[in-house]
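Peer 1: One gets my numbering by counting positions in the sequence shown from 1 and adding 2 to each. The beta-carbon is built from N, C-alpha and C at its ideal position, and this holds for glycine as well.
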Amino acid sequence: MKEAIIKYRNPKTLKALYDLSKYLGFSVSSQNPVGKKQGSNTVNGVPVIPGDKTIDIAELTAIFTGKELNASDLRKTEWRRNK
Numbered sequence: 003m004k005e006a007i008i009k010y011r012n013p014k015t016l017k018a019l020y021d022l023s024k025y026l027g028f029s030v031s032s033q034n035p036v037g038k039k040q041g042s043n044t045v046n047g048v049p050v051i052p053g054d055k056t057i058d059i060a061e062l063t064a065i066f067t068g069k070e071l072n073a074s075d076l077r078k079t080e081w082r083r084n085k
């Protein structure tokens, strides 16, 4: 049996394929795209949980105010790997 993979953006396409399959005699099996799991990703075996955009960062402002920190300095000093 031959297989075909159809990529689509509009969800109505899948419904149309199901309707066509009834008349033309083929089957439709849907699955999640490779690499995109619902809500869970891992980096080196460690699960990554998506952040909440509604978080209130007002409490963090007091901690970091006046420290003269910037992202490039943090990357250079704190994210170094010990070999």
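What residue range is occupied by the uninterrupted beta strand (DSSP E) comprising T44?
Peer 2: Here the beta strand (DSSP E) through T44 covers 43–45.
Peer 1: Can you tell me the Cα-Cα spacing of R77 and N84, whole angstroms?
Peer 2: Computed Cα separation, rounded: 14 Å.
Peer 1: Flag this pair as yes or no: are the beta carbons of I8 and L19 separated by less than 8 Å?
Peer 2: Yes; because the gap between Cβ atoms is below 8 Å, this pair is in contact.
Peer 1: Taking 8 Å as the threshold (C-beta atoms), are L16 and S32 in contact?
Peer 2: Yes, they are a contact pair.
Peer 1: Is the CB of I57 under 8 Å away from at least one CB in chain C?
Peer 2: Among the chains of the structure shown, chain C does not appear; only one protein chain is present.
Peer 1: Please report how far the alpha carbon of N43 lies from the alpha carbon of G53, in whole angstroms.
Peer 2: In a straight line, the C-alpha of N43 is about 12 Å away from that of G53.
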